[in-house]
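One structure is given here, and the rest of the page talks about it.
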Amino acid sequence: LEKKEFLCLLGPSGCGKSTLLNMIAGFEHPTSGSVIVDGKPISAPGADRGMVFQQANLMPWLPVWDNIAFSLKLQGKSAAERRAAAQPFIETVKLKGFENHFPAELSGGMAQRVGIARALLQNPSVILMDEPFAALDAQTKMEMQEELVTLWQRYEGTIVFVTHSVDEALVLATKVAVMTHRPGRIRDLIDIDLARPRDTTSAEFNQYKRHVLSLIREESALAHADAVKIAA
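Per the working numbering, residue 229 is the first one in the sequence shown, and the count goes up by one each step.
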């Protein structure tokens, strides 16, 4: 995967998408082979890889600015230093005016913006995202997808994004990796050559969609057949 790519991982449920993401993050280790980021093998979590989870996982007792700067708190930085460091990212994710709000006062979309800002503050070379918009309503999800593309274009880093939605993958990605059923492998790596912003009603978009859906359906059918064999 080249720098500045936006890779989306798709595949049948249980194929290992999140496991692959966790191995890149350093939370899990492969039984064979290795994961290499910027030429270095991964053995543990590091600041060069930021993580955004399906749930924002914010500290409920901390305001927005201190949640974003939590990694600096662990480094012993003063409140003034943390707040100054967090402010540009608060503005980047459009949360200006909500700096002192607590997580319980935020909508789901706002909470995910905090999670994204927290990852960006570390200035990672790779941001890993595990279905971060899955729990959002359709309108908020579309808005967050648009904002994420804008942030990625400005940030110019690499994003690896797990999703179950073919439409979401095609709206976001420069490449889509379709995984096989268990044990998960990369069945196909597809370059998405579509202008931005992506038009989900265009013939070109739907041509990609049909191709990706056909691959996923084949893998889902194989997974079902394997399950039937095991049950028998």
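From the three backbone atoms N, C-alpha and C, an ideal C-beta is built for every residue, glycine too.
Just to confirm before moving on: does the CB-CB distance between residue i and residue j stay below 9 Å?
{"i": "K245", "j": "G412", "result": "yes"}
{"i": "A314", "j": "A297", "result": "yes"}
{"i": "L356", "j": "G278", "result": "yes"}
{"i": "S299", "j": "H392", "result": "no"}
{"i": "V342", "j": "A284", "result": "yes"}
{"i": "L249", "j": "D421", "result": "no"}
{"i": "F317", "j": "L348", "result": "yes"}
{"i": "M372", "j": "Q340", "result": "yes"}
{"i": "V394", "j": "I444", "result": "yes"}
{"i": "V404", "j": "L238", "result": "yes"}
{"i": "V280", "j": "F330", "result": "no"}
{"i": "A453", "j": "C236", "result": "no"}
{"i": "C243", "j": "H409", "result": "yes"}
{"i": "G336", "j": "L364", "result": "yes"}
{"i": "A307", "j": "D294", "result": "yes"}
{"i": "V321", "j": "E375", "result": "yes"}
Any idea which residues DSSP pairs residue i with across the strands?
{"i": "A405", "result": "L237 and L417"}
{"i": "V265", "result": "K268"}
{"i": "F298", "result": "Answer is none; F298 lacks a bridge partner."}
{"i": "F389", "result": "C236 and M357"}
Between the C-alpha atoms of residue i and residue j, what's the straight-line distance to the nearest angstrom?
{"i": "A397", "j": "L290", "result": "33 Å"}
{"i": "V354", "j": "V388", "result": "7 Å"}
{"i": "A451", "j": "G304", "result": "49 Å"}
{"i": "E233", "j": "I418", "result": "12 Å"}
{"i": "R310", "j": "R346", "result": "12 Å"}
{"i": "P425", "j": "H257", "result": "37 Å"}
{"i": "T247", "j": "P273", "result": "14 Å"}
{"i": "Q381", "j": "E447", "result": "32 Å"}
{"i": "F255", "j": "E230", "result": "22 Å"}
Are the region 265–272 and the region 416–435 touching, with three or more C-beta to C-beta distances below 8 Å? Counting Cβ pairs under 8 Å, fewer than three are found: no touch.
Whole alpha helix (DSSP H) runs in the region 309–387 with 4 or more residues, listed along the chain? 336–349 and 366–383
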